[in-house]
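Here the protein sequences line up with chains A and B, keeping their order. With the first sequence counted from 1, adding 218 to any position gets you the working numbering. With the second sequence counted from 1, adding 4 to any position gets you the working numbering. All residues carry an ideal CB built from backbone N, CA and C; glycine is no exception. A quick note: this is a predicted structure, and the numbers were derived from the prediction, not measured.
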Amino acid sequence: MKRIYLATFAILAVLLAGAVLLPGQRTEITGTISSGEKPTIAVADMHGSGAAEQYMDTFNKTLWDELAYSGQIKLAPKTSYPLQLPQQASDFKPPVMFSDWTRPPVSANYLAFGYTAVQDDQILLFGNFYNVGQPTTQTAQVIANRYYGALSNDGAKKVAREFAADILKQLGIATLSGTKIYFVSDRTGNTEIWSMDYDGSNQRQLTNYKTSSREPAVSADGKLFAFRTLTSGPSWKIRIHTTDTIRNQNFFNPVSSLISAPEFTPDGKHILFSETVDNWPQLMMADIDGGGLHRISNVKAIETSPRVNPKTGSDLLFISGRSGHQQLWRMNLDGTDKEMLTSNVGDVANPAWSPDGHHIAFCWTRGYEPGNFNIFVMDIADKVPVQLTSNSGRNENPWWAPDGVHLVFSSMRGRVTQLYSMLADGTSVRQLTTQGNNLQPVWAKGIE
Amino acid sequence: MRMNMRTLSAAVFTATLFIAAAGCKKKVAAAPPPPPVVVTPPPAPPPPKPQPPRIDTFVAEPASVERGQSSTLRWSVANATNMSIDQGVGAVQANGTRQVHLNNSTTYTLTASGAGGMDTRSVTVTVNAPPPPPPPPPAPPKVTISSTELLTREAQDVYFDYDMSDLRADAVRAATANADLLKRIFAQDSGFTVLIEGNCDERGSAEYNLGLGDRRATSLKDFYVMQGLPADRIKTISYGKEKPVCTDANEACYQKNRHDHMAPGQ
């Protein structure tokens with residue numbers, strides 16, 4: 219068992235080697251992750267009776283990974299645990315009770331424990347989650363639930379995930395379960411829009427225009443997605459589809475040599491995009507059907523990637539070449555109060571807001587050759603950029619998860635580009651895709 | 005075993021047939037006696053018979069002529085008293101020649117008769133149709149390469165500096181040559197339109213490069229329009245960095261990708 223966890227840590231360490239945080243900057247930026255005390259949780263390895271036992275390695279690993287991936291708890295290392303692990307409430311006896319778990323070296327606030335058995339050809343988990351700071355099993359009990367799944371590794375993963383989701387929910391930690399990542403993939407030979415679950419499962423092709431479809435954007439309610447697609451002419455057009463049945467909504471495209479980079483306003487009533495007007499790609503805004511078109515930037519420079527503040531709905535980030543290099547700018551939706559957020563060195567691209575509107579993520583070549591982008595985050599209040607990736611290929615397209623704690627991004631390592639997720643402090647890097655090239659992810663909440 | 009039985013009965017049957025056939029031969033009747041010899045005197049010799057007519061020669065020279073030309077019939081006959089050739093030639097001597105003019109192929113028959121009988125022989129003179137007039141010399145092949153071919157073969161890519169969309173000196177030279185080419189093509193092909201594809205190297209971001217490729221295509225189009233070409237026959241599209249001609253990570257390759265390409269419009 220110990221070997222499995224050592225291996226797990228080794229793999230994580232290798233992944234993290236590509237996402238090194240600059241020392242001393244951690245607490246500045248990752249407020250929600252680093253500030254305050256994270257609860258410490260001990261997770262006792264569980265066993266299964268009879269045929270259930272063979273799936274318990276999978277179960278224990280999945281439960282640990284899911285809790286670790288939340289990024290908002292501290293997991294007490296298993297090597298520090300007592301030799302005798304509890305399986306049910308009656309295993310705790312006075313006068314010891316929970317003191318093995320609360321005292322060093324474990325020093326846990328909570329303990330997850332239980333066991334599995336086979337019932338009606340299913341795997342049945344008796345999952346317990348105790349607040350070990352309490353004196354009795356009655357007062358300590360936070361969760362004592364049964365979870366059912368198929369008698370297989372997949373079933374074991376399912377019950378582990380459900381148990382982990384319940385634990386995180388009890389601790390008030392947002393879960394990513396049900397969220398969707400929309401992205402661009404060329405794995406079929408055509409560049410199309412795809413979606414997948416937060417962990418890379420359930421990958422599904424959404425468009426099938428067989429030309430080139432890119433730059434997905436998703437409405438705040440998760441019901442619509444817009445994208446740029448190559449139509450006959452040839453010319454680029456914006457299309458809007460529903461996310462459920464993938465119906466094409468009518469969007470009236472203005473006549474221009476270039477229309478790209480669609481973005482919904484938080485109320486879902488308007489679309490922003492980049493359109494070439496008077497020979498320069500400029501920021502435009504229109505109603506969701508393309509009516510009411512008006513220009514929100516007017517400068518002899520390339521402007522693109524409008525991203526509206528999800529909290530205020532009244533200011534936006536965008537990329538502009540008006541300073542001579544493509545840099546990150548912010549302004550109000552009416553075009554006032556323009557400010558450059560980056561230092562006019564290198565190239566900047568792909569701005570994204572955290573859901574609470576306090577942080578932004580983007581990619582920047584600062585300190586590197588042109589084209590060598592890395593992921594940066596910034597607290598919009600102090601505007602100090604913090605670099606999250608380095609020496610791990612070309613990293614672009616950061617996007618915040620709905621939990622405000624995770625990021626998804628694309629990374630070209632070698633000649634292929636894949637999607638990864640990580641915590642917003644650069645740790646817990648996970649690869650989500652493997653087939654073809656995958657890029658331009660947008661992490662949206664699921665449809666309720 | 006059964007096969008052996010069958011083979012055996014077949015052999016027996018064949019042998020039976022053979023013996024039966026041999027038996028038949030033996031039953032042929034005995035030869036009749038020879039006829040008696042009768043001695044009679046030889047008959048008197050008959051009077052000498054007249055020689056039958058004989059056509060030794062009947063030829064046409066030449067046997068094949070052009071329409072309206074003549075051929076000579078030549079013949080030689082023995083032991084005949086009357087000789088004639090049909091097709092309007094009429095009675096002839098035993099040896100002779102006759103020139104005939106022909107418009108169509110004709111078969112002449114010589115008939116020779118006398119006390120000894122009759123002989124005939126035919127000869128055909130073939131009239132060849134005159135050769136058809138020579139075909140008119142073929143029109144010199146029209147050297148029209150299609151406009152698409154001409155554009156593909158002669159239009160030059162126009163190259164740009166990093167993050168720039170204005171035409172540098174070598175780009176102006178290429179663009180000027182392209183403008184002359186487009187004038188020729190547009191003049192010969194009134195329906196032809198051209199598409200300028202703007203491209204970028206892989207280093208900028210996809211979104212910004214799409215805008216930059218649009219700038220590059222538009223800047224070349226503006227140049228063409230200034231050269232007097234019609235704006236409505238020149239379309240543009242940006243492929244940003246999404247349609248690279250080269251994928252190496254070095255400046256030589258980046259330069260190849262920072263270009264406008266000319267393609268036939270749709």
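Per DSSP, cross-strand counterpart(s) of residue i
i                 : result
Arg446 of chain A : A:Arg432 and A:Ile456
Asp505 of chain A : A:His488
His624 of chain A : A:Leu641
Leu199 of chain B : B:Lys239 and B:Ala267
Asn99 of chain B  : B:Ser80
Gly451 of chain A : DSSP lists no partner for Gly451 of chain A.
Reference residue i, options the options, closest by Cα
i                 : options                                   : result
Gly278 of chain A : A:Arg422, A:Lys556, A:Gln500 and A:Asp372 : Per the sequence presented here, residue 278 of chain A reads as Asn, with Gly not at that position. It is A:Asp372 whose Cα lies nearest to the Cα of Asn278 of chain A.
Asn132 of chain B : B:Ala98, B:Val96 and B:Ala67              : B:Ala67
Thr258 of chain A : A:Gly332, A:Asn656, A:Ser267 and A:Leu389 : A:Leu389
Gln302 of chain A : A:Trp319, A:Ser267, A:Ala619 and A:Leu369 : A:Trp319
Tyr166 of chain B : B:Ala64, B:Tyr258 and B:Val63             : B:Tyr258
Asp218 of chain B : A:Leu559, A:Ile391 and A:Ala519           : A:Ala519
Thr354 of chain A : A:Met315, A:Ser532, A:Met503 and A:Ser646 : A:Met315
Pro333 of chain A : A:Ala362, A:Arg321, A:Ala358 and A:Ala619 : According to the sequence provided, residue 333 of chain A is Tyr. The question's Pro does not apply to it. Looking at the Cα atoms, A:Ala362 is the closest of the given residues.
Tyr366 of chain A : A:Gly345, A:Gln359 and A:Asn349           : A:Gly345
Trp582 of chain A : A:Gly564, A:Glu493 and A:Asp597           : A:Gly564
Asp339 of chain A : A:Ala270, A:Arg321 and A:Lys398           : A:Ala270
Trp661 of chain A : A:Asp283, A:Gly289, A:Lys398 and A:Phe310 : A:Lys398
Val566 of chain A : A:Ser538, A:Asp574 and A:Leu551           : A:Ser538
Interface flag, residue i vs chain B, CB-CB below 8 Å
i                 : result
Leu490 of chain A : no
Ile537 of chain A : yes
Asn327 of chain A : no
Leu369 of chain A : no
Ser253 of chain A : Because Ser253 of chain A carries a pLDDT of 46, less than 50, the predicted location of this residue cannot be relied on, and no value is offered for it.
Leu476 of chain A : yes
Pro603 of chain A : no
Ser430 of chain A : yes
Gln544 of chain A : yes
Ile578 of chain A : no
Thr635 of chain A : no
Ala392 of chain A : no
Ala567 of chain A : yes
Pro588 of chain A : yes
Glu614 of chain A : yes
Distance between residue j and residue i (C-alpha atoms, nearest Å)
i                 : j                 : result
Asp381 of chain A : Lys529 of chain A : In the sequence as presented, Asp is not what sits at residue 381 of chain A; that position holds Phe. C-alpha separation (whole angstroms): 32 Å.
Gly632 of chain A : Ser431 of chain A : 24 Å
Gln356 of chain A : Phe591 of chain A : 54 Å
Ser252 of chain A : Ala642 of chain A : Annotation note: pLDDT 46 at Ser252 of chain A (below 50); position unreliable, coordinate value reported separately. Computed Cα separation, rounded: 10 Å.
Met549 of chain A : Lys556 of chain A : 4 Å
Leu171 of chain B : Glu158 of chain B : 19 Å
Phe164 of chain B : Ala256 of chain B : 12 Å
Thr409 of chain A : Pro141 of chain B : 56 Å
Leu369 of chain A : Lys375 of chain A : 10 Å
Glu246 of chain A : Arg379 of chain A : Below a pLDDT of 50, predicted positions are generally treated as unreliable, and Glu246 of chain A, at 34, falls in that range; the measurement from the model is reported next regardless. Whole-angstrom Cα-Cα distance: 32 Å.
Trp454 of chain A : Thr393 of chain A : 37 Å
Leu343 of chain A : Ala294 of chain A : 22 Å
Lys601 of chain A : Ala191 of chain B : 59 Å
Ala82 of chain B  : Gly100 of chain B : 12 Å
Gln160 of chain B : Arg177 of chain B : 10 Å
Asn609 of chain A : Gly542 of chain A : 27 Å
Asp193 of chain B : Ser151 of chain B : 7 Å
Gly440 of chain A : Thr461 of chain A : 7 Å
Thr554 of chain A : Ser223 of chain B : 30 Å
Span of the beta strand (DSSP E), counted from its first residue to its last, around residue i
i                 : result
Glu481 of chain A : Ile477 to Phe482
Asp123 of chain B : Gly121 to Asn132
Lys239 of chain B : Ile238 to Gly244
Gln636 of chain A : Val634 to Leu641
Ala438 of chain A : Element bounds for Ala438 of chain A: n/a, residue is neither H nor E.
Asn349 of chain A : Gln340 to Asn349
Tyr112 of chain B : Thr110 to Gly118
Short CB-CB distance (under 8 Å) between residue i and chain A
i                 : result
Ile241 of chain B : yes
Arg220 of chain B : no
Pro207 of chain B : Rather than Pro, the amino acid found at residue 207 of chain B in this sequence is Arg. Yes, Arg207 of chain B counts as interfacial toward chain A.
Glu246 of chain B : yes
Asp165 of chain B : no
Tyr228 of chain B : no
Unbroken alpha helix (DSSP H) run spanning residue i, endpoints
i                 : result
Tyr258 of chain B : Glu255 to Asn261
Pro373 of chain A : The displayed chain sequence assigns Gly, not Pro, to residue 373 of chain A. Gly373 of chain A -> alpha helix (DSSP H) spans Asn371 to Gln388.
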